[in-house]
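Working notes, beginning with the structure itself.
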Amino acid sequence: MAKAAQVSVATVSYVLNNVSNQTIPEETKCRVLDAAKQLNYVPNLAARSLVKQKSGLIGILINRAENEGFWKQFRYSQFINRLERLLSDHGYHVVLFSLDASSPNLDIISERKLDGVFVVDVKEENFHLISSHFSTGVPLIVVDSMIEDPLFYKVNYDYADAFTHAFASLIQPKESFLIIDSFNNADLVNHICTLSGIGRDQIHVVDEERDLKAFLEHNSDRTGIILNEFVAISAAKYVHPTSLTVICTAGCAEIAPASASKISFGDHKPEESFHLMMQLLKDPKSGPVNKYVLVKADK
């Protein structure tokens with residue numbers, strides 16, 4: 002590097018690898034970075050991982066069921082997009098894996114050395130099989146799942162808080178129904194249903210649109226709460242949206258029916274997940290005491 006010719010190789014390495022425990026003059030840093038920019042320098046991740054014993058890779062494992070409805074296919078698009086941007090801005094590269102929710106093929110996981118992992122909507126019976134593929138010390142955060150294991154952090158929406166806001170917006174809260182999109186994690190489904198306080202005969206878990214239509218036609222005289230704005234799009238074909246309150250769990254509140262009441266979580270889930278991962282990467286013992294991190298809706 003011409004402009005950095007009088008700078009030692011070690012100093013150049015410290016600057017390019019952003020080594021924080023070295024005292025390097027700001028003027029020297031600028032010279033090295035300017036030269037690197039002019040030469041179109043691209044870091045060699047393999048070499049960097051050998052030096053730092055870190056790969057710079059963060060995995061996002063999405064568990065997918067066969068023949069998913071479109072509401073499930075789009076449910077995590079915004080979450081992944083926002084989380085990937087946050088990680089990229091901090092120098093990490095994201096590796097996205099789609100796993101069969103019923104019988105995950107874990108060979109692809111074994112082929113990557115990951116610094117941290119997000120596991121999204123996983124069946125409890127598969128979770129420990131997945132987590133066993135990562136060495137001790139690799140932070141693993143579970144998203145949208147109830148996993149009764151004190152070793153791992155779980156990030157979920159605060160559904161109790163969301164239901165409080167939802168019922169406040171309904172004209173007849175005691176005569177309401179609930180529609181939720183299906184999750185692979187059965188305990189999360191049961192948890193949501195219980196927190197709603199609505200009788201099970203007035204709760205519908207969406208698997209197919211024809212069943213959703215039949216449920217809504219049977220409850221056409223009631224007001225309702227719907228989780229997932231993409232499910233709400235389908236529901237609005239069969240009931241007037243003014244009778245609906247949509248808890249926007251997919252991060253796309255703007256696509257929910259315009260005349261429906263809306264409760265949004267914004268970007269809070271990817272941001273909470275990201276900050277927790279950064280905290281654990283810095284110090285695995287520095288996380289919050291409560292292993293369930295609840296993301297609240299916007300006020």
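Numbering (the working numbering), first residue to last: 2 to 300.
By construction, the Cβ of each residue, glycine as well, lies at the ideal position given by its N, Cα and C atoms.
Keep in mind it's a predicted model, so treat the numbers as computed, not measured.
Proximity to residue i [Cα-Cα], best of the options
i, options, result
"residue 118", "217, 156, 196 and 104", "156"
"residue 268", "80, 63, 30 and 9", "80"
"residue 225", "247, 63 and 33", "247"
"residue 67", "132, 101, 82 and 89", "101"
"residue 127", "187, 136, 171 and 161", "187"
"residue 103", "74, 185, 25 and 142", "185"
"residue 134", "198, 113 and 179", "113"
Under 8 Å between C-beta atoms of residue i and residue j
i, j, result
"residue 121", "residue 59", "no"
"residue 144", "residue 274", "yes"
"residue 223", "residue 149", "no"
"residue 235", "residue 213", "yes"
"residue 147", "residue 189", "yes"
"residue 89", "residue 96", "no"
"residue 162", "residue 251", "no"
"residue 232", "residue 207", "yes"
"residue 296", "residue 77", "no"
"residue 151", "residue 131", "no"
"residue 253", "residue 230", "yes"
"residue 179", "residue 142", "no"
Distance between residue j and residue i (C-alpha atoms, nearest Å)
i, j, result
"residue 227", "residue 56", "41 Å"
"residue 85", "residue 294", "20 Å"
"residue 138", "residue 289", "17 Å"
"residue 220", "residue 154", "38 Å"
"residue 280", "residue 286", "9 Å"
"residue 32", "residue 9", "12 Å"
"residue 258", "residue 217", "16 Å"
"residue 210", "residue 140", "38 Å"
"residue 171", "residue 183", "23 Å"
"residue 276", "residue 98", "21 Å"
Buried or exposed by the 16-neighbour rule on C-beta atoms within 10 Å, applied to residue i
i, result
"residue 262", "buried"
"residue 64", "buried"
"residue 52", "In this prediction, residue 52 scores a pLDDT of 48, lower than 50, which makes its location untrustworthy; the coordinate-derived value is nonetheless stated afterwards. The residue in question, residue 52, is exposed, as its Cβ has fewer than 16 Cβ neighbours within 10 Å."
"residue 35", "exposed"
"residue 70", "buried"
"residue 28", "exposed"
"residue 47", "Its pLDDT being 45, under 50, residue 47 is placed unreliably by the model, and the measurement read from it follows with that caveat. Counting Cβ neighbours within 10 Å, residue 47 comes out exposed, since fewer than 16 surround it."
Closer than 7 Å: residue i CB and nearest the ligand ZN heavy atom
i, result
"residue 285", "Within the structure as shown, the ligand ZN is missing, as the structure has no ligands at all."
(Q) Suppose only complete runs of 3+ residues qualify. What are the beta strand (DSSP E) ranges in the stretch 56 to 111, listed by chain order? (A) 58 to 65 and 94 to 101
Q. Taking only runs of the alpha helix (DSSP H) that begin and end inside the stretch 140 to 207, which ones reach a length of at least 4 residues, in chain order?
A. 160 to 170 and 187 to 197
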